[in-house]
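Residue numbers (this note's numbering), protein chains in the order written: chain C, 1 to 206; chain U, 207 to 412.
Built from N, CA and C at the ideal position, the CB exists for glycine as well.
Working notes for the structure below.
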DNA sequence: ATTGAAAGTTAGAGCGTTTAACTTTTATAC
DNA sequence: GTATAAAAGTTAAACGCTCTAACTTTCAAT
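Structure, rendered in structure tokens:
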């Protein structure tokens, strides 16, 4: 017994044991705190307690670390989205508006993560895991819109309507976190705008 | 006369004469072609025919070059916006929708410029010239919405409505150029969506 | 004509990613 | 159990880019 745990400790000293996961966790944290543009592989190494060359035994390059972070981020967003719907009623106007608010909330709470997920990063976005998680996330929106349309006898393609809503909340999130609203309408209440615009985009009267 | 022009030529050999402007032009071109994230000061120097240290006699740092590019870009966008309105009628639904389409068109035609204008670049955005040009650009939208409201007896704050429209077209432009629509709705017709959504967001029936 | 400021130049420091070559552990096969 | 190959680390250094320091050339003003 003693020998085994001793072995494990020694192993930990050189062979980290879970470096891949440790680096992803470190990257996630560092990105949330300082933004992806300031993320240095070397910093993640410091957190994990290994040399700066170690990551390249587990990842192709810096981008592959970011890929892992982005798929994780999408999973988190999907979860928050679902929670918002659950709290306000599946297939209802309120539920759909709450999803929109959750989207913007996510962006406001984790701007660097949001930027990484939706910004200009072709290599990261091309990764299969990322695409899958992204599609899953949007799928939940389509689902809710379809339910709403069925419940309220509304004609129109659910996907098309979902895209319209996505477009709006995405614009709101982006303009918000990049400080563009501030330049033009300081102290703007985005949440209110979303609640007001959602029925308009669903083409129903409140 | 001859002596003067000779002087000018010699002057051009060492003292460039208009390096500041030449660098801005080079930067603008390089950014349009390759994206701001790949823009190297050194490349602009090559185009202008000076050493890599020369720019620092005219600009604080790389960001100050980008500032100049962004204010230029806003001026171009404002112009295109005005042209679109002029072509479809000031203060009309069509005119406003055309502004929206022009916004998205600008993004599609110059994605790197659009990203630089609205992305995460606090130092660049804080520059006074940039802020001014940005506000001027949005001012045109408010103007048109106010006109439309007056002409059509529509209640509601013009600024608020303009922000709603801006939010939508900004989301459309962003999702378009970053390839996010493609992941979910390939071959999506953004322009059509904008024409359909504009009356919804203005809260009028087509 | 002189001379100080403006606008260039060259050289190199500083920083991050990534590769190459080497070392230590781990796991397997006998 | 031990030999040995593969896995997972390490150190050292090359590369590419921004920006500074120190020096030079040209311009403009007296």
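Let me confirm a value: residue i is counted as buried when at least 16 other C-beta atoms fall within 10 Å, else exposed. Which label applies?
i, result
"residue 56 of chain C", "exposed"
"residue 121 of chain C", "buried"
"residue 170 of chain C", "buried"
"residue 307 of chain U", "buried"
"residue 258 of chain U", "exposed"
"residue 180 of chain C", "buried"
"residue 156 of chain C", "exposed"
"residue 410 of chain U", "exposed"
"residue 335 of chain U", "exposed"
"residue 240 of chain U", "exposed"
"residue 133 of chain C", "buried"
"residue 356 of chain U", "exposed"
Go ahead and pull the three-state DSSP assignment for residue i.
i, result
"residue 198 of chain C", "helix"
"residue 105 of chain C", "helix"
"residue 358 of chain U", "helix"
"residue 188 of chain C", "coil"
"residue 147 of chain C", "helix"
"residue 58 of chain C", "coil"
"residue 326 of chain U", "coil"
"residue 332 of chain U", "helix"
"residue 182 of chain C", "helix"
"residue 245 of chain U", "coil"
"residue 226 of chain U", "helix"
"residue 316 of chain U", "coil"
"residue 363 of chain U", "coil"
"residue 297 of chain U", "coil"
Determine the contact status of residue i and residue j, defining contact as a CB-CB distance below 8 angstroms.
i, j, result
"residue 230 of chain U", "residue 276 of chain U", "no"
"residue 137 of chain C", "residue 77 of chain C", "yes"
"residue 73 of chain C", "residue 47 of chain C", "no"
"residue 19 of chain C", "residue 54 of chain C", "yes"
"residue 185 of chain C", "residue 365 of chain U", "yes"
"residue 297 of chain U", "residue 353 of chain U", "yes"
"residue 271 of chain U", "residue 247 of chain U", "yes"
"residue 404 of chain U", "residue 289 of chain U", "no"
"residue 396 of chain U", "residue 368 of chain U", "no"
"residue 116 of chain C", "residue 31 of chain C", "yes"
Contact between the segment 337-351 of chain U and the segment 360-380 of chain U (3+ Cβ pairs under 8 angstroms) | When Cβ pairs closer than 8 angstroms are counted between the two stretches, the segment 337-351 of chain U is seen to touch the segment 360-380 of chain U, the count reaching three or more.
Members of the segment 118-150 of chain C near chain U, C-beta cut-off 8 angstroms = Flagged, chain order: 118, 119, 120, 122, 125, 131, 134, 135, 138.
Given 8 angstroms, three or more beta-carbon pairs between the segment 379-389 of chain U and the segment 308-320 of chain U | Counting Cβ pairs under 8 angstroms, three or more are found: they touch.
Can you give me, in chain order, the residues of the segment 220-247 of chain U that have a beta carbon less than 7 angstroms from any beta carbon in chain C?
-> With the criterion set as a beta carbon lying under 7 angstroms from some beta carbon of chain C, the segment 220-247 of chain U has no members that meet it.
Taking Cβ-Cβ distances below 8 angstroms as the criterion, which residues of the segment 385-399 of chain U are in contact with chain C?
-> Within the segment 385-399 of chain U, the qualifying residues are 385, 386, 387, 389, 390, 391, 394, 399.
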